[in-house]
Each structure stands twice: as structure tokens, then as C-alpha cells.
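Report on the following structure.
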Amino acid sequence: MASAKNSKLAKSATTEVTERKLATEGTELVIIFRVSPFFRGVLRGSVFPRGIVFMSSQDEQLQQRQSNLAELGNLGIEIYPRRFDRRHTISQLVDAYGLRSHDELEAEKIETVTSGRILTIRSFGKANFLVLSDGRAKVQVYLRQDSLPPLDFQIFKLLDFGDWVGVEGHLFRTKTNEFTIWASRLHFLAKCLLPLPEKWHGLTDVEIRYRQRYLDLSVNPDSRRVFETRSRIVSAIREFMTARGYLEVETPMMQPIAGGAIARPFVTHHNALDMDLYLRVAPELYLKRLTIGGLEKVFEINRNFRNEGISTQHNPEFTMMEFYEAYADYHSLMAMTEEMIGAVARQAIGTDEVTFGDHQISLKAPYRRRSLRHAVAEEASERLGRQVDEKDLRDYWTVVKLARDLALPNYIPPAPGTGGAGRITMDLLERLCEGQLIEPTFVYDFPTEVSPLSKQKPDDPETVERFELYIGGFEVANAFSELNDPAEQRRRFEEQLKERARGDLEAHQMDEDYIRWTRITSERSSTACRRRPARDSASIVSSCC
529 MASAKNSKLA KSATTEVTER KLATEGTELV IIFRVSPFFR GVLRGSVFPR GIVFMSSQDE
589 QLQQRQSNLA ELGNLGIEIY PRRFDRRHTI SQLVDAYGLR SHDELEAEKI ETVTSGRILT
649 IRSFGKANFL VLSDGRAKVQ VYLRQDSLPP LDFQIFKLLD FGDWVGVEGH LFRTKTNEFT
709 IWASRLHFLA KCLLPLPEKW HGLTDVEIRY RQRYLDLSVN PDSRRVFETR SRIVSAIREF
769 MTARGYLEVE TPMMQPIAGG AIARPFVTHH NALDMDLYLR VAPELYLKRL TIGGLEKVFE
829 INRNFRNEGI STQHNPEFTM MEFYEAYADY HSLMAMTEEM IGAVARQAIG TDEVTFGDHQ
889 ISLKAPYRRR SLRHAVAEEA SERLGRQVDE KDLRDYWTVV KLARDLALPN YIPPAPGTGG
949 AGRITMDLLE RLCEGQLIEP TFVYDFPTEV SPLSKQKPDD PETVERFELY IGGFEVANAF
1009 SELNDPAEQR RRFEEQLKER ARGDLEAHQM DEDYIRWTRI TSERSSTACR RRPARDSASI
1069 VSSCC
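Residue 1009 in the numbering used here sits at position 481 of the sequence shown; the count goes up by one each step and never skips.
Have a look at this one:
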């Protein structure tokens, strides 16, 4: 028997007495207790007499929906239909006729066949209403028992929130002027066996939204619009690039060396070759091989994989567009990038003025430009109330002291030998400046230390010709003039190998094949490289991703 404490809790629960048929013993009395999650936790592990069942609200809904599905089957209808021919989508109905007046709809008697998910079920005497959605728009459906075949009205009585139905009827407006379908037929299409979130007007739990995307799409119209906008953006980027003579290509996703970015890779194994391969962290080294081979303008919209942290802003698997152009430098790519973003926005959403959070952002060119060390020095000076010079960011011990003076939360500068002044300066940019770069801003001229594949500035070997574009406080693009000196490239790779030996798993590995290809191009045009400006040299390649 249950303890006195459990009996007291059970008495406070909702009870139901029913009969359950048994195969060998006739029937038995079953008492169902519906209790809160708290009570279920208290009662867990207790022993109760046979015939006492504890049922949650969720369990009850599941049971009721299964029972309704069984009843629909008993009516002789196909509970898993194969096809439904509709004349209009709900969105098409709303767009084409949603603004028609009562008199106009009455005069035209527009007939329709449509379908959607049930968002609302209401009954007022003989008047019954459904609200259906196709994910973009909603429409009300009016059902009267004397206007429907008897079977169809039986179907209506067995419907649940979230079910899918088809409706035939004509358009009209109710006395409250609601745009509505007067149903002459009702077709069952699919049963929603798992209850959708209680708040039909939006799923707000971020964890559920990302892990159960199908649920998010079912109840959040904004999520559907994000998917549709993303598709238009990708199409617009492709059109923009091909119109300017870029060739779209595909490069290997499994690579013998994880290269092209400073990132930790995923590792897999090729059974036939009995060798480990890496899911690509970037397509860079293979796209550059194509430009070396003579394809002067190439791009790829590609999937990349980085075995790093995960959040709503960082996913281990993500899409990136990367392009390469011969005879250009990073200034050319800044102009190309700001032109592309504005053009893509206008094509995808019809405007280059966007709202992000509390900010109204213009994507129209030209964009603001700030050198990296100047931006960090300026922000550090403002926070500390004293002058910080760009030269202070080039000395390891000076920049370490600066980082300590700034007292950044949870930040510990890398120890000597595991990172220099350039890496710390990059950390300071991300912590001091990144969140404030709301309007489109190019941050350019990066430390050589954090840019192993970028070309150095001719008058400053500690700095490379690289930029990152920030919009809304986020980095959205990274680009640089490509390093085409094979000896310098080997030295950079060797420095990365030292970092790797010290425990940096994101450091770049040596790629002998890539160096060999850069030697082929460099030897072919090395004289011209030394004599002509970079953008006129046959061995200069610039990239943006």
C-alpha cells in the first residue's frame, strides 16, 4: 500500500475511474491519478496497488490523440493519405483575396481547395471554426454541421491542435469582417500525435529551437522567413559572382592536411587507403591551387567543419563563401566586398537598410575603414584614461602589461613562446572593439603572427595586408593579399609547427604540396613580381571569405 504521505498527495490529484479489459480476467477497475511533475517526483519509486495508474497532462494528451486517430480509422477514412490536390495555398488566398470586401466576395463566390495546419479550434453552438496556417499566412474556416457531409463533421469532432486538414469551400467575410472559408468539405490529412508548445504564438526556448528545428518552424513564422531569406541570399551571391566572371568550383571536403585556417579539425579515417583524413576547416589551399593552375577568378559556396566551441553564434559545421582573384590586392577586395553585400541585400530583401537588434544599419557602400592597431590603441586609451600608442602593441611585455591594466574578465595573456604581441593585440581587438563595430567597418592591417597565409606590407614585416569586415558587432568576412613567396611561406609554416609542438592544436600544419605549387608560380614570374606593382603581377592572388 502507499504510505500515508503518498496517500495524502494522491487525494489532492485529479482522479478518474475507468474499466480496462483484460485478455484472461474479464475487466478490472483502474483509477487514474493525474498529478503535477512535482508530485510525480515525490511519488516515484513508491509501490501502489494494482489498478492505480499515475498519468501526466502530457501522457493524457498523447493518449487522447492516439484515441482520436483510432476513431478516425474506425470511420473508414485513410488515416495516412497519399495525396491531396489543392487549388490554392493559404498564402495565395490571402495575397489574392484577403483585401476583398464582403460584397466583392459575395458577388464573385470564389471557390477554393486548400490545406494547412490547425492553429485554433473554436465552437459556438452550431458555428465551428478552425484557423489554418501554411507557415506564411493564416485563414479562418467556418464549419456548420448542416453544410458538411456527415462523415466530414465526424472528422471535425476528432481533430486536435496541430493536425493537418484539407478544406473545400468558398470565400466570404463573417459578421466581424473576418476573411474566412465557408467549408463544404473537410479532409483529414495528418494527425499531430505529439502536442505542440502551449504558446502557439512562438517557441522561445533557444535550446529547443536549435535542437528541434522542425518544431521551431511549425510555430515560429519568423524562423521560416529566415530560411527563405537565407536561400535568396545564397542565390543572389551566386548571381553576383558569376556576372563578374567568377567560376564556381567545388574542392575536397576530406583533406590529408587540415589547412587554410587556424582551427582545430575533425578527424576521420579512410579505410581503403588506411590513412587519417581531416574534414576541411577552409577550402583555401585548394582554391589557391586552381588560381595557380590558371583559373584567374574562382569561388566556392562551401561547408566547413571546425572542432571547436558551440553556441548560437558558432556551429562546428557552417557555410562560407570564399573567392580568389588574380592581379588584385586587399584594397580591391574591400571595394568588391562592400559592393557585393549591398547588392545582395537589395536583391534578397529589397533594401540595403536593415534592422539588427536595436540598430538600424545601412549596407550601402562605402564602409568605414580602421587599422587594427589604431582601433585597439584608441579603445585602450579611452578605457585607461591615458595615451596608448600603436607601437605599444608591437612589444610583447608592453602589450602584456596593457592587457593586465585593462583587467579584462577571464583573460590571461599567452605565456612567452606560446604567443606574441600580435596574438595578444588580436585578443584585445575581439574583447575591446568587436562588439562596438555596428556599422559596416573594415578593420585592416593585421599582425603577421596571426596571419600565416597573408602577404606582408612592403614597409612593415610585422604587418600583413589583411582585413576583416564587421557588421552588427560580428565578423562577417576575412580577406587578404596572398603570400606568394615560397621561402617566406615555408618559414611561416615552420613557425606554426613550433606553435603546434607547444600544444596549439589549431596551428597550421606543413603543406609541402602547396609550397611546391607556389614555387612553380613564383619562379615563372618572380622577376615581374619584383618590378611591377602587386596588382599587375601574374603571381599575386587575393582571397576573401
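We put the beta carbon where it would ideally sit given N, CA and C, even for glycine.
Buried or exposed by the 16-neighbour rule on C-beta atoms within 10 Å, applied to residue i
| i | result |
| --- | --- |
| N1006 | buried |
| D933 | exposed |
| A873 | buried |
| R672 | exposed |
| Q915 | exposed |
| A863 | exposed |
| A1015 | exposed |
| R994 | buried |
| I952 | buried |
| N602 | exposed |
| R901 | buried |
| A1029 | exposed |
| N832 | buried |
| I838 | exposed |
| F755 | exposed |
| P811 | buried |
| L912 | exposed |
| H798 | exposed |
Cβ shell of residue i (< 8 Å), same chain only, five flanking positions each side left out
| i | result |
| --- | --- |
| S712 | S675, L676, E696, G697, H698 |
| K985 | D973, T991, V992, E993 |
| G1095 | Since the displayed the chain opens at 529 and closes at 1073, residue 1095 lies outside it and no answer follows. |
| R614 | V641, T642, S643, G694 |
| G1001 | E962, G963, Q964, L965, I966 |
Helix, strand or coil at residue i according to DSSP, with G and I counted as helix
| i | result |
| --- | --- |
| N596 | helix |
| D988 | strand |
| N602 | helix |
| L900 | helix |
| I517 | As displayed, the chain neither begins before 529 nor continues past 1073, which places residue 517 out of reach and without an answer. |
| Q875 | helix |
| E977 | helix |
| M952 | What sits at residue 952 in the sequence shown is Ile, not Met. Note: I952 maps to helix in three-state DSSP. |
| R645 | strand |
| I1096 | Past the boundaries of the shown model lies residue 1096; the chain is included only from 529 to 1073, so the question cannot be answered. |
| L590 | helix |
| T770 | helix |
| A786 | coil |
| S860 | helix |
Any non-hydrogen atom of the ligand ADP within 7 Å of residue i CB
| i | result |
| --- | --- |
| D662 | In terms of ligand content, the structure shown is empty, and the ligand ADP therefore cannot be addressed. |
Distance between residue j and residue i (C-alpha atoms, nearest Å)
| i | j | result |
| --- | --- | --- |
| Q594 | G663 | 25 Å |
| T969 | D886 | 18 Å |
| A935 | L921 | 16 Å |
| Y998 | G963 | 9 Å |
| Y670 | T702 | 9 Å |
| Q586 | F612 | 31 Å |
| I683 | F716 | 7 Å |
| K666 | A598 | 28 Å |
| Y895 | R772 | 21 Å |
| L745 | D691 | 15 Å |
| G626 | D680 | 26 Å |
| F1008 | R741 | 36 Å |
| E907 | D955 | 13 Å |
| Q783 | F1021 | 17 Å |
| L775 | F827 | 6 Å |
| Y608 | L722 | 16 Å |
DSSP beta-bridge partners of residue i
| i | result |
| --- | --- |
| A1029 | Its beta-bridge partners do not exist; DSSP assigns none. |
| W925 | None, per the DSSP bridge assignment. |
| G697 | T640, A711 |
| S890 | E881 |
| A655 | F652 |
| D804 | H797 |
| Y670 | F657, W710 |
| Y972 | S899, F995 |
| A935 | According to DSSP, which records beta bridges pairwise, A935 is partnered with nothing at all. |
| E1003 | Y998 |
| L965 | Bridge partners of L965: none, in fact. |
| A718 | W692 |
Same chain only: Cβ atoms within 7 Å of residue i, ignoring 5 sequence neighbours per side
| i | result |
| --- | --- |
| T757 | A876, I877 |
| R959 | L936, Y939 |
| S661 | I618, G644, R645, L647 |
| L686 | N596, E599, L600 |
Proximal residues to residue i (C-beta, below 6 Å), its chain only, five neighbours per side dropped
| i | result |
| --- | --- |
| A786 | P793, Y806, V809 |
| G950 | P975, E977, V978 |
| R752 | G663, L745 |
| R766 | none |
Any C-beta of chain B under 8 Å from that of residue i
| i | result |
| --- | --- |
| P844 | Chain labels in this structure do not include chain B; a single protein chain is all it has. |
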